[in-house]
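To start, the structure itself, in structure tokens.
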């Protein structure tokens, strides 16, 4: 008697794929749609967890697109403070799909970035990336000039990459009631002033997020018709919720929503794939072993395991890429030697600012 | 014994201080208002210097002898408290490339550095040189410190800085002044007074006019060292900052 389950591979069965294995032996979690070679040009953006992707790619000699590199002369240990080398461009963390859509509209269409600025102690902050400049900018003109460079970098990255990796972090956000523009973080936290009449909490539905994602991807594909997109969901829980729910259930809701959006998009669009970093870290099978004691931050072992899975799944489906590094080497005729080139590995996370408000 | 009425001045530097020394030797400047000493050596011995017991000290006997050889009093080490002011000339602190970088960013539509980033880059550049730390340490001893960094290179072809930072070639004095202001600010934070390169000596944005080049510079492929005329300008600016009125001093002498 034949049935559809009869010839399924071991990975399709919980016992053979999970129960009979140790957590570290669980394989084939991802069946990649397309090959990522060392010469594949990969751009990365998204939430805090996305920062690990670029580091892992660079470490393995992959061609990570750095469209907005740090200026010569800025010491290496200060790059991360200015969000250079963190993502492919200096947007800071893009936590929500709505924010991704906004950035793509500003970078790839004629839509101008709004003349909105936050002020604090005579410094000016960009509401759409308030942590990009430590201590803020000197003037609104500086913010405008910096935006111009970043938008050009986004455009360059999208147009010139083969794969765009976007890690979805949150559903919750704060928006301007009138313009519906979403800020990177709640006004009044990092900078700016919170105005109850003007600023509204948003926790969009699956359909709303799908709409934003489709719109963002459409713009990106118009700019680069051969672009392939790899979606991931950050396994890092919310640092705080304004939904009225417990932060744990709010996290579940948010992550489930994003996971559903990513999964459906990967099913619907041939050029979109989903990599399960979320499951690798957060599934009960892994017993929370990759979380730091605060049960939120992902430790280095977890990061390494996620990225190892990424490359193993690629190698399992395609030939392992044994070619030499294709990471473009930018000529760094240093203004002077960086004698303090100690590797800082701290992940920049504006969302962490909210922790400062915890009672 | 130095005359108490005259400021005791020590010019400290690498091979770039030779321009000042030559200006003095060729009497292009009036040094009668100061008690002047030179303590320096070609830059290759600078890595054998250290800051110890509030002095700049060679770490080996050979280096000490080399520095002593070129000093009027055969000083084997430099105790800054023996002077009213120490003038750093050159002293490994190069300027061409950092100016080219900042000027290029200021003049390019597709580049931008915030003021804060500019300051960070300059600060890092300064702190990247051991001699700058000497200067800062001396200033902390309440000894006056003036710093005349290595002047801009003479433009060569091909030129690394000019090729990479092409827009900098169009920089005007107002542009350069903006960058000097940053350098002066950062040095000022450490109690150090900047002697910027005179505008009249500059060409092509961030290069020094060939008339200030050292002798036979093309033949010797030396696009960095300058001549006595340039050294004289530096020394005049030093005296100006120190408010040494040469005429008055000569009259009273």
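Chains as they are written, first to last, in our numbering: chain A, 11 to 369; chain B, 580 to 832.
Cβ coordinates follow ideal geometry from the N, Cα and C atoms, glycine included.
- A Cβ-Cβ contact shorter than 8 Å links residue 599 (chain B) with residue 668 (chain B).
- Under the Cβ criterion (8 Å, minimum of three pairs), the stretch 693-709 of chain B does not count as touching the stretch 745-753 of chain B.
- According to the DSSP assignment, residue 185 (chain A) belongs to the beta strand (DSSP E) that extends over 183-186.
- Against residue 786 (chain B), chain A offers no close residue; the least beta-carbon distance is about 17 Å (beta-carbon pairs closer than 7 Å).
- Taking 8 Å as the cut-off, the Cβ atoms of residue 786 (chain B) and residue 734 (chain B) count as close.
- DSSP, reduced to helix, strand and coil, places residue 637 (chain B) within a strand of the structure shown.
- Runs of the beta strand (DSSP E) lying entirely within the stretch 32-87 of chain A and spanning at least 3 residues, in chain order: 51-56.
- Burial of residue 108 (chain A) is indicated by the presence of at least 16 other C-beta atoms within 10 angstroms of its C-beta.
- In terms of beta-carbon proximity, residue 768 (chain B) stays away from the interface with chain A, with every pair separated by 8 Å or more.
- With contact defined as three or more Cβ pairs closer than 8 Å, the stretch 134-147 of chain A and the stretch 667-685 of chain B are not in contact.
- Put simply, of A:283, A:61, A:103 the residue whose alpha carbon is nearest the alpha carbon of residue 41 (chain A) is A:283.
- Boundaries of the beta strand (DSSP E) harbouring residue 726 (chain B): 723-728, taken from the DSSP string.
- A straight line joining the alpha-carbon of residue 823 (chain B) with that of residue 773 (chain B) spans about 17 Å.
- Taking a Cβ-Cβ cut-off of 7 Å, the neighbours of residue 699 (chain B) in chain A comprise 84, 88, given in sequence order.
- Contact of residue 92 (chain A) with chain B by beta-carbon distance below 8 Å involves 696.
- With a threshold of 8 Å between beta carbons, residue 684 (chain B) makes contact with chain A.
- Taking a 10 Å sphere around the C-beta of residue 61 (chain A), we find 16 or more other C-beta atoms and assign the residue as buried.
- Listed in chain order, the non-local C-beta contacts of residue 677 (chain B) below 6 Å within the same chain comprise 704, local neighbours out to five positions each way being set aside.
- Using beta-carbon distances, residue 145 (chain A) counts as an interface residue toward chain B, with a partner under 8 Å.
- Assigned with DSSP and collapsed to three states, residue 142 (chain A) falls in coil, not helix or strand.
- Taking all protein chains in view, the Cβ of residue 204 (chain A) is surrounded by fewer than 16 other Cβ atoms within 10 Å, so the residue is classified as exposed.
- Contact with chain A is found for residue 677 (chain B), since one of that chain's Cβ atoms lies less than 8 Å from the residue's Cβ.
- Residue 208 (chain A) carries a coil assignment under DSSP once its states are collapsed to helix, strand and coil.
- For the pair residue 294 (chain A) and residue 39 (chain A), the CB atoms are not nearer than the 8 Å cut-off.
- Nearest to residue 110 (chain A) by alpha-carbon distance, out of A:199, A:49, A:318, A:230, is A:230.
- Ranking B:813, B:639, B:654 by CA distance to the CA of residue 617 (chain B) puts B:654 first.
- When C-alpha distances from residue 227 (chain A) are compared across A:76, A:315, A:113, the shortest belongs to A:113.
- Per DSSP, residue 275 (chain A) is one residue of the alpha helix (DSSP H) stretching across 257-278.
- 8 Å or more divides the Cβ of residue 316 (chain A) from the Cβ of residue 237 (chain A).
- Interface annotation, residue 159 (chain A): in contact with chain B, CB-CB separation under 8 Å.
- With respect to the C-alpha of residue 125 (chain A), the residue from A:182, A:186, A:72 having the closest C-alpha is A:186.
- Approximately 6 Å separates the beta-carbon atoms of residue 142 (chain A) and residue 100 (chain A); this is inside 8 Å, confirming the contact.
- DSSP, reduced to helix, strand and coil, places residue 649 (chain B) outside both helices and strands of the structure shown, so it counts as coil.
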